[in-house]
Ligand code: AMP
Ligand code: MN
Ligand code: MN
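See the structure below:
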């Protein structure tokens, strides 16, 4: 299937059966999620790891970039490795839409010939696994792992529930995104019944933040402009330095910008240490930013997508802004 053909909302039953068979036969699994990991990357990675360990598998969870310490309450958090070690017989990718998103953890020489199961919910998934369980109808990859746990009759322990509810709460911004369905809420209900605290998870994973991040966020808002239905902000290295803010990412800025009544599309352009430009995109219901992200070498969902393009900043903004304005004009 190409990324241009319509993607079914639910993975084919054969994909599920193949994935389960591969997991049952595996002994040592390398579980990987995407670079610059968010709550769904970490939650689905650890939920999967705990579930597979519960049925006797040896699992190494691995991420190229250090996960934020705010997720330290999830069991297994301190077992996450930064590079793959030892012999594995199966690779499992979670919440990544293409192979590049796994970063340096995937080493072609060592892993290129190993079977790989991909669990993901991005509509732009490039189907890079031997078996691909892709459900773009799901609001988080954590819900796909929940489905796996239920299908394989694995006990839903409180620890697994905490990991998975973290993925669900962070990717839906606490059930506020347009892809939340009755099934999302049913999954959350079951995870809460299994022992996960919605209040605590929401507070730890979504609400609490360092004061420095709030200040950087405010400085970012001050750079924002609205043009032809597109609101955008520019986070230069200079601004980051002036504000003394060392963390990667946009400090949640794009989520604030898309609340502007005057805009249908929001973008944050962040300059990285090596001079590239990371772009975070959001849209109001009815507007799709995933295809522009895909065209620019990234991916995502209709309402939330991203990519990294070459610098300098001025050129990146000049190139991408008209593409975003066209989404608004066309819709
Ligand atoms: P973010 O703006 O970083 O929160 O990302 C929004 C969505 O776009 C998430 O689902 C990401 O997985 C996806 N995304 C962000 N950056 C990229 C990228 N470089 N390549 C593919 N997908 C991306
Ligand atoms: Mn993610
Ligand atoms: Mn996700």
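Residue numbers (the numbering used here): 3 to 333.
Even for Gly, the Cβ is constructed at its ideal location relative to N, Cα and C.
{"Item": "Taking only the alpha-carbon atoms, compute the straight-line gap between residue 245 and residue 237 and give it to the nearest angstrom.", "Value": "11 Å"}
{"Item": "Between 97, 121, 93, which lies nearest to residue 339 when the distance is taken from Cα to Cα?", "Value": "Examination of residue 339 is not possible in this model, given that the chain is present from 3 through 333 alone."}
{"Item": "What is the rounded straight-line gap between the Cα of residue 319 and the Cα of residue 48?", "Value": "36 Å"}
{"Item": "Quick check on residue 225: does DSSP put it in helix, strand or coil?", "Value": "coil"}
{"Item": "Going by DSSP in three states, residue 75 sits in which element: helix, strand or coil?", "Value": "coil"}
{"Item": "Verify whether the separation of the beta carbon atoms of residue 270 and residue 282 is less than 8 Å.", "Value": "yes"}
{"Item": "Could you check the C-alpha separation between residue 3 and residue 124 for me, to the nearest Å?", "Value": "With a pLDDT of 37 at residue 3, under the threshold of 50, the predicted position of this residue should be treated as unreliable, though the coordinate-derived value follows. C-alpha separation (whole angstroms): 14 Å."}
{"Item": "Go ahead and pull the three-state DSSP assignment for residue 169.", "Value": "helix"}
{"Item": "Within the chosen definition, does the stretch 169-186 reach the stretch 40-54 through at least 3 CB pairs nearer than 8 Å?", "Value": "yes"}
{"Item": "If you count every other CB in all the chains shown that lies within 10 Å of the CB of residue 264, and 16 or more means buried, which is it?", "Value": "exposed"}
{"Item": "Can the beta-carbon of residue 160 be found less than 8 Å from the beta-carbon of residue 24?", "Value": "no"}
{"Item": "As a quick exercise: from 132, 225, 147, 230, pick the residue whose alpha carbon is nearest that of residue 330.", "Value": "230"}
{"Item": "Who sits around ligand 3, taking every residue whose Cβ is closer than 6 Å to one of its heavy atoms?", "Value": "42, 97, 123, 142, 143, 173"}
{"Item": "Does the count of Cβ pairs from the stretch 215-227 and the stretch 193-203 closer than 8 Å reach three?", "Value": "no"}
{"Item": "What do you get for residue 275, buried or exposed, if any count of 16 or more other CB atoms within 10 angstroms of its CB means buried?", "Value": "exposed"}
{"Item": "Between residue 98 and residue 181, is the Cβ-Cβ spacing less than 8 Å?", "Value": "no"}
{"Item": "If you run the structure through DSSP and keep just helix, strand and coil, what is residue 333?", "Value": "coil"}
{"Item": "Would you say the beta carbon of residue 95 is closer than 7 Å to some non-hydrogen atom of ligand 1?", "Value": "no"}
{"Item": "Could you check which residue in 45, 140, 62 has the C-alpha nearest to that of residue 83?", "Value": "62"}
{"Item": "List the endpoints of the continuous beta strand (DSSP E) containing residue 176.", "Value": "Neither: residue 176 is in no beta strand (DSSP E) and is coded neither H nor E."}
{"Item": "Just the C-alpha distance for residue 243 and residue 326, rounded to the nearest angstrom, thanks.", "Value": "28 Å"}
{"Item": "Going by the C-beta, is residue 40 closer than 7 Å to any heavy atom of ligand 2?", "Value": "yes"}
{"Item": "Looking only at its chain, what residues have a beta carbon closer than 7 Å to the beta carbon of residue 356, apart from the 5 residues adjacent to it on each side?", "Value": "Absent from the structure is residue 356, since the part of the chain shown begins at 3 and ends at 333."}
{"Item": "Name the DSSP beta bridge partners of residue 129, please?", "Value": "Paired residues: none, contrary to the question."}
{"Item": "CB of residue 303 to nearest heavy atom of ligand 2: below 7 Å?", "Value": "no"}
{"Item": "Is DSSP giving residue 63 helix, strand or coil here?", "Value": "strand"}
{"Item": "Compare the Cα-Cα distances from residue 157 to each of 100, 45, 58, 105 and report the closest residue.", "Value": "58"}
{"Item": "Mind listing, in chain order, the continuous alpha helix (DSSP H) runs of no fewer than 4 residues lying wholly within the stretch 235-276?", "Value": "239-245, 255-259"}
{"Item": "With a threshold of 7 Å (Cβ to nearest heavy atom), would residue 169 be considered close to ligand 1?", "Value": "no"}
{"Item": "Just mark residue 149 as buried or exposed, buried being the case when its beta carbon has 16 or more other beta carbons within 10 Å.", "Value": "buried"}
{"Item": "Please report the distance separating the alpha-carbon of residue 293 from that of residue 266.", "Value": "15 Å"}
{"Item": "Quick check on the burial criterion: 16 or more other C-beta atoms within 10 angstroms. Buried or exposed for residue 71?", "Value": "exposed"}
{"Item": "Taking 7 Å as the cut-off, does the CB of residue 219 come closer than this to any heavy atom belonging to ligand 2?", "Value": "no"}
{"Item": "Compute the minimum distance between the beta carbon of residue 321 and the heavy atoms of ligand 2, and state whether it is under 7 Å.", "Value": "no"}
{"Item": "Please name the residue, chosen from 204, 291, 154, that lies closest to residue 55 on a Cα-to-Cα basis.", "Value": "154"}
{"Item": "Please report the straight-line C-alpha distance between residue 6 and residue 128, rounded to a whole angstrom.", "Value": "Low confidence applies to residue 6: its pLDDT is 49, below 50, so where it sits in the model is not reliable enough to give any reading."}
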